[in-house]
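Everything on this sheet refers to the single structure shown next.
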Amino acid sequence: MMFTKPFKIKSNIPVTASKKKRLLQRVLEQFNQVQSVEEANGSMLVELFGSRAKVCTVKIITFDEQPVTVYTSDKRPIFFELDEKLLPTVYTLWSCPDLVPMYTTHATVMPKLAKGADLLIMGVVKQGPHLAWWESHQQHEVVAVNLTLNRAAIGVGLLAYSSSELKYTCKVQDVCVKMMHVFGDKLWGMETSLCQQVPQQGPVFSDLSISSSQPSTAEEDQHETKTPTPAPEGSSRNPDDLIKGALIKALKMHGKNMTLPMHTSTFYPQYVLPHIPEGIEMKKSSYKKVGTFLKWMADEGIIEIMKDEKGIEKVTVVNLEHPEVLSLSSPDDTGKTTLDENANSVPIGVTTATSNRLLLTKMAATYAVNERSAKLFGYFNVALDEELEQPQVRSYMHDYVKQHGLINPDTRHVMVDEALREACGTEHELIDMSDLIEMVLNRMTSSFEMESQQGPITTGGKWPIIRLKKATRNYNKKVTLVSNLQYYGINVNDLMKVMKLEAAASTAMTEMSGWKGEQLQVQGNHIELVYELLTTTQPLIMFIKPFKIKSNILVTGSEKKRLRQRVMAQFHRTDEGETAGSPLAELFGNRAKVCTVKIITYHEEPVTVYTSDKRPIFFELNGKLLPTVYTLWSCPDLVPLFTTHATVLPKLANGADLMIPGVVKQGTNLASWGRHQKDDIVAVNLTSNRAAVGVGLLAHSSSDLYMCGGHGVCVKMMHVFGDKLWGMEPSVCQQVPLQGSVVSVPTASDFPPLGSEKVKPVVESVNEVTKSIESTALHDKEGSGSDGDASDGEESPEPEPEEKPPNPDDLIKGAFLNALKLHGKKITLPLLTSTFYPQYVQPEIPEGVEMKKSSYKKVGTFLKKMADDGIIEIKEEKKGIEKVTALNLEHPDVLSFYPYRATKAASDQEANGGSAAGGATSNPLLLTQMTAMYAVNERTAKLFGCFNVGVGKTLDQTQVRNYMRDYVGRNKLINPTTKLVTLDETLRDICGTEEELVAMSDLTETVLNSMTSTFEMRSQKGAIMKSGKRAVIHLTTATRSGNKKVTLISNLADYGINVNDFAKAVKLGAAASTTMTEVPGSKGEQLMVQGNHIKFVFELLTTTYQVPKACITGLEFAKEQKKKKKK
1190 MMFTKPFKIK
1200 SNIPVTASKK
1210 KRLLQRVLEQ
1220 FNQVQSVEEA
1230 NGSMLVELFG
1240 SRAKVCTVKI
1250 ITFDEQPVTV
1260 YTSDKRPIFF
1270 ELDEKLLPTV
1280 YTLWSCPDLV
1290 PMYTTHATVM
1300 PKLAKGADLL
1310 IMGVVKQGPH
1320 LAWWESHQQH
1330 EVVAVNLTLN
1340 RAAIGVGLLA
1350 YSSSELKYTC
1360 KVQDVCVKMM
1370 HVFGDKLWGM
1380 ETSLCQQVPQ
1390 QGPVFSDLSI
1400 SSSQPSTAEE
1410 DQHETKTPTP
1420 APEGSSRNPD
1430 DLIKGALIKA
1440 LKMHGKNMTL
1450 PMHTSTFYPQ
1460 YVLPHIPEGI
1470 EMKKSSYKKV
1480 GTFLKWMADE
1490 GIIEIMKDEK
1500 GIEKVTVVNL
1510 EHPEVLSLSS
1520 PDDTGKTTLD
1530 ENANSVPIGV
1540 TTATSNRLLL
1550 TKMAATYAVN
1560 ERSAKLFGYF
1570 NVALDEELEQ
1580 PQVRSYMHDY
1590 VKQHGLINPD
1600 TRHVMVDEAL
1610 REACGTEHEL
1620 IDMSDLIEMV
1630 LNRMTSSFEM
1640 ESQQGPITTG
1650 GKWPIIRLKK
1660 ATRNYNKKVT
1670 LVSNLQYYGI
1680 NVNDLMKVMK
1690 LEAAASTAMT
1700 EMSGWKGEQL
1710 QVQGNHIELV
1720 YELLTTTQPL
1730 IMFIKPFKIK
1740 SNILVTGSEK
1750 KRLRQRVMAQ
1760 FHRTDEGETA
1770 GSPLAELFGN
1780 RAKVCTVKII
1790 TYHEEPVTVY
1800 TSDKRPIFFE
1810 LNGKLLPTVY
1820 TLWSCPDLVP
1830 LFTTHATVLP
1840 KLANGADLMI
1850 PGVVKQGTNL
1860 ASWGRHQKDD
1870 IVAVNLTSNR
1880 AAVGVGLLAH
1890 SSSDLYMCGG
1900 HGVCVKMMHV
1910 FGDKLWGMEP
1920 SVCQQVPLQG
1930 SVVSVPTASD
1940 FPPLGSEKVK
1950 PVVESVNEVT
1960 KSIESTALHD
1970 KEGSGSDGDA
1980 SDGEESPEPE
1990 PEEKPPNPDD
2000 LIKGAFLNAL
2010 KLHGKKITLP
2020 LLTSTFYPQY
2030 VQPEIPEGVE
2040 MKKSSYKKVG
2050 TFLKKMADDG
2060 IIEIKEEKKG
2070 IEKVTALNLE
2080 HPDVLSFYPY
2090 RATKAASDQE
2100 ANGGSAAGGA
2110 TSNPLLLTQM
2120 TAMYAVNERT
2130 AKLFGCFNVG
2140 VGKTLDQTQV
2150 RNYMRDYVGR
2160 NKLINPTTKL
2170 VTLDETLRDI
2180 CGTEEELVAM
2190 SDLTETVLNS
2200 MTSTFEMRSQ
2210 KGAIMKSGKR
2220 AVIHLTTATR
2230 SGNKKVTLIS
2240 NLADYGINVN
2250 DFAKAVKLGA
2260 AASTTMTEVP
2270 GSKGEQLMVQ
2280 GNHIKFVFEL
2290 LTTTYQVPKA
2300 CITGLEFAKE
2310 QKKKKKK
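Next comes the structure, spelled out in structure tokens:
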């Protein structure tokens, strides 16, 4: 087969309209459809070559160096040319099933065809007698191959012989169809984004659908032999039949695991002899010798035997599709296996077909639920036509039998009930478990899917190692060599594309003597990048990297109405759509500016995004609308929610999927997973916040998630808070709102001390109840006179004493002492009092405290009081001019004061980072990064209320630590001997402990755990340090074609500068065009500006972006301004 291994693409050229018409005419003539193109209008073939279809001619070189021409329609291969003959692909045959003759085979033959085997005559399923069935076909005629349970084609090939030769001269071991192209090969996966699984088009033979009331005679005979009945005494056993049965049984059990070719002297004693009953010998049979017996089996077509150069006979092929092998559904030895309670408790999960496009795909057999098995699998909420893998079917069968108690305790066979009888089509009351599973699988609709290969292929029992090394090529050029990629199923072609984009370096495949396979060669030293690429999960999230906007079009009123109706219909909100004040209706309101934005993702995938007032609200994927986090914040119940821990969000933001172990659910039964189907749209939130932080598709249905045993992917993430779709328009970005916690934070009352409470005797509890009843009756009698008396008689709690506001004098003096404690040794004296107070004391004063509200009234009065107390010394040089000349840092008030960090710094951090209430206050010109935040809740409200931080306000970890030090310092809670914090009433309520002394680090950690954890996207401040040095932005000039000057700017990303917005600012300010160019040999891009604008760029970086002047080089290349001549 031509496309089992990767091929090389030499050219990909779009065809013109005239060539497209000639190609269509050629197809119609070859396959005898119609005489002209005009007569074929409206057919499926014409749609492949339609006016809007983009047809291309692709020249490829196969693995064995054969040139082949492939014709594609919208990137999907439809025909390929071989010896001036057009052969259709499986995609074409799925839309045009009657284009070529069909040959039918068994489903078990499909994996062999995918590995490169041809279809043999013995594998063809025929209708009618052997000689009368073959139709009149010529040799080398184009035919297709399908399966018995599905009419859809799974392969294309050429007939090896004519019909007359197939009838009379050919043997069953001869080739019938020489396969050229099979579902799942490299031609099928030529464009990974457009790959399609085999569609279900119904069974080939109608007589295969046997009703449950009338089982076939073959099944009756089969189960009559399987039913355990004692053999009558004296019955003779034919040795020939027993020996042949042992061979067939060995092929049934071990045929797929045999390593061929194998010596006959090894094959017989290792596989056949253990299955021969005791007392049966070869010399007592008619064969007499083992060699004679094996030759007979070869003549019957069960096995194939060949002699090597030395004359030694070897078994080269075992025919598992032989009728006698197929008629034995399960060997007796496997029928002895009984149900074990522990053996069936761990189900096996399913991998998805689209898990990773960088991995090679492998073929997996799936079984779809049909009308026969609908009742059986409906017990597990498995819908009709839902596909299952063989391990899943086995798990469901074991669970069904165990839950219904259908195991016969004497024979360990299964008692068949009504659902099982309908699924397997038998009238027997007892049947072996393995036979029952095999019969159910045979009566389900079987098909095949291509899914990503997971895990390495072990070699010699050991895991293979991917080797990375450096080498030197011509002219002392460094290259990176990567080998053994094929053992991990990595698609090398796609990996080469990713390396080109990430490393901006050329790649090539090279062969080396002594190496198995090929190795990847990358120009330059990129070992760290390759290592990260191989070890990290390839992101399925579509917007984790920047995308390109192709168009942004404002929709009309009618289009907006249709879009709203589509949203309401998909999410079942028809009633809500009629309400004008609903959140969904506001997104599509009359004043809302709704636009359709066409974008191209980093992986070259087109996506349509719908925005409302510049904010993305929905994006379309495979004809399905997915909401963004902005939409889910206003409509929290739009889609089902899956909850995870707060520590999982950074991993999701890096491109990981939500795994089953990371899901926090209520309960452990099937109902805790809900009733969802595969690929349903779901949202993800955190235990500390109900607001959604991501959107994705379910990897499995609810029943499959329950059966996966706690392993595998739960949600395939498509969009996460903080990705490029969230930051599509920086001016309208919003942080995650606080909508209450899903799982409440445990308190000390939730964990009572073990054994501390003694159970009261019953007599005491009865006496307490009696006293409470008597006291209640007494109060009722006293309060029967009036309502007012009754209210007076009730016990009212004592009013809590109101906290007095802090004294401004103490706060101002505390700020003064804190300034001396922090900056006293660094202050240069003498210093004017008009400079000393605003520069050092004023920043330490809490917000809302003013000097005029204190008893000092004026700054001069306050400083004179401090001088009278001996803390500072003031000297008057001139009238009205005073200077601070000395600071007494050994004063008792200064020594006893515990310093704290200025709250002004914390407020500056708030201004830079933003808050959840106020939305995104980050600088839109800078790139953002995810930061862990902690929101003030009711439990910590009293502590942070001292700093005017209300409930719901978010703080980062540094701010919380500064507030804690501030609180401890102001209240003098540090024990001078142990340096531990003495807990007051407020801290004791938060910590929930009776200890009096706690370390400062432990106290801060406890407060952080008590707060509501969330995340925010904050602007990246400061430069990235490289090798201990600050990164430098380089400004240079260069000359391009036509002697045109350009300005080159590099390393902008090191300062967190959003390059796209920076380019817009340069366009507006310098009135020059800008482009992004790649620098060969270095990672990243540089901005190119037409003309010499170094001075403008330098001023833009130093003023707007506040980049230090010392971190910018190249100002000497600025254009010198000409001096104006004086008139």
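All the letters of the sequence shown, read from the start, carry residue numbers 1190 to 2316 under my numbering.
All residues carry an ideal CB built from backbone N, CA and C; glycine is no exception.
The distance from the Cβ of residue 2010 to that of residue 2088 is about 4 angstroms, consistent with a contact at the 8 angstroms cut-off.
A distance below 8 angstroms between beta-carbons, with the five flanking residues on each side excluded, links residue 1337 to the following residues of its chain, in chain order: 1293, 1294, 1295, 1296, 1314, 1392, 1393, 1394 and 1397. Within the DSSP bridge table, the entry for residue 2207 names 2118 as partners. In the structure shown, residue 2163 falls within a strand segment according to DSSP collapsed to helix, strand and coil.
Below 8 angstroms, enough C-beta pairs join the stretch 1336 to 1351 and the stretch 1378 to 1392 to call them touching: three or more. Taking 4 residues as the shortest admissible run, the stretch 1804 to 1848 contains the following complete alpha helix (DSSP H) segments, listed from N- to C-terminal end: 1818 to 1823 and 1838 to 1842.
A contact is defined here as three or more CB-CB pairs under 8 angstroms, and the stretch 1831 to 1849 meets this definition with respect to the stretch 1879 to 1893. In the three-state scheme derived from DSSP, where H, G and I count as helix and E and B as strand, residue 2045 is classed as coil.
The beta-bridge partner set that DSSP reports for residue 2145 consists of 2122. By DSSP's assignment, residue 1493 forms a beta bridge with 1506.
In this chain, residue 2235 is not harboured by any alpha helix (DSSP H); it is covered by the beta strand (DSSP E) spanning 2233 to 2239. Residue environment for residue 1621: buried (at least 16 other C-beta atoms within 10 angstroms of its C-beta). Distance from the CA atom of residue 1434 to the CA atom of residue 1481, rounded to whole angstroms, is 16 angstroms. Within the same chain, and ignoring the five residues on either side of residue 1929 in sequence, the residues whose Cβ sits closer than 8 angstroms to its Cβ are 1878 and 1879.
Excluding five sequence positions before and after residue 2223, the CB atoms of its chain that fall closer than 7 angstroms to its own CB belong to 2239, 2240, 2302 and 2303, given in chain order.
Within the DSSP bridge table, the entry for residue 1659 names 1669 as partners. The criterion of a C-beta distance shorter than 8 angstroms is satisfied by residue 1334 and residue 1346.
Comparing alpha-carbon positions, the option among 1367, 1814 and 1208 lying closest to residue 1827 turns out to be 1814.
Look at residue 2072 here: in three-state DSSP terms it is strand. Contact check for residue 1899 and residue 1850: beta-carbon distance about 6 angstroms, within the 8 angstroms limit, so the pair qualifies. Look at residue 1685 here: in three-state DSSP terms it is helix.
Proximity to residue 1793 across 1736, 1365, 1800 and 1762 peaks at 1736, based on C-alpha coordinates. Boundaries of the beta strand (DSSP E) around residue 1342: 1339 to 1348.
Distance check between residue 1659 and each of 1585, 1308, 1713 and 1611 places 1713 closest, using alpha-carbon atoms only.
Residue 1460 and residue 1439 have their alpha carbons spaced roughly 6 angstroms apart.
Residue 1487 carries a helical assignment under DSSP once its states are collapsed to helix, strand and coil.
In this structure, the CA atom of residue 1583 is about 24 angstroms from the CA atom of residue 1301.
Residue 1331 and residue 1220 have their C-alpha atoms spaced approximately 9 angstroms apart. Listed in chain order, the non-local C-beta contacts of residue 1723 below 6 angstroms within the same chain number zero, local neighbours out to five positions each way being set aside.
Residue nearest to residue 1441 within the set 1514, 1452 and 1692 is 1514 (criterion: CA-CA distance). A residue is called buried when at least 16 other Cβ atoms come within 10 angstroms of its Cβ; residue 1755 does not meet this threshold and is exposed. Remark: three or more beta-carbon pairs, one from each stretch, lie closer than 8 angstroms, so the stretch 1913 to 1921 and the stretch 1796 to 1804 are flagged as touching. Residue nearest to residue 1305 within the set 2142, 1194, 1876 and 2259 is 1194 (criterion: CA-CA distance).
By the criterion of a C-beta distance shorter than 8 angstroms, residue 2138 is surrounded in its chain by 2125, 2144 and 2152, once the five residues flanking it on both sides are discounted. Rounded to the nearest whole angstrom, the CA to CA distance from residue 2119 to residue 2286 is 29 angstroms. Taking residue 2157 as reference, the option from 2182, 1449 and 2192 with the minimal CA-CA separation is 2192.
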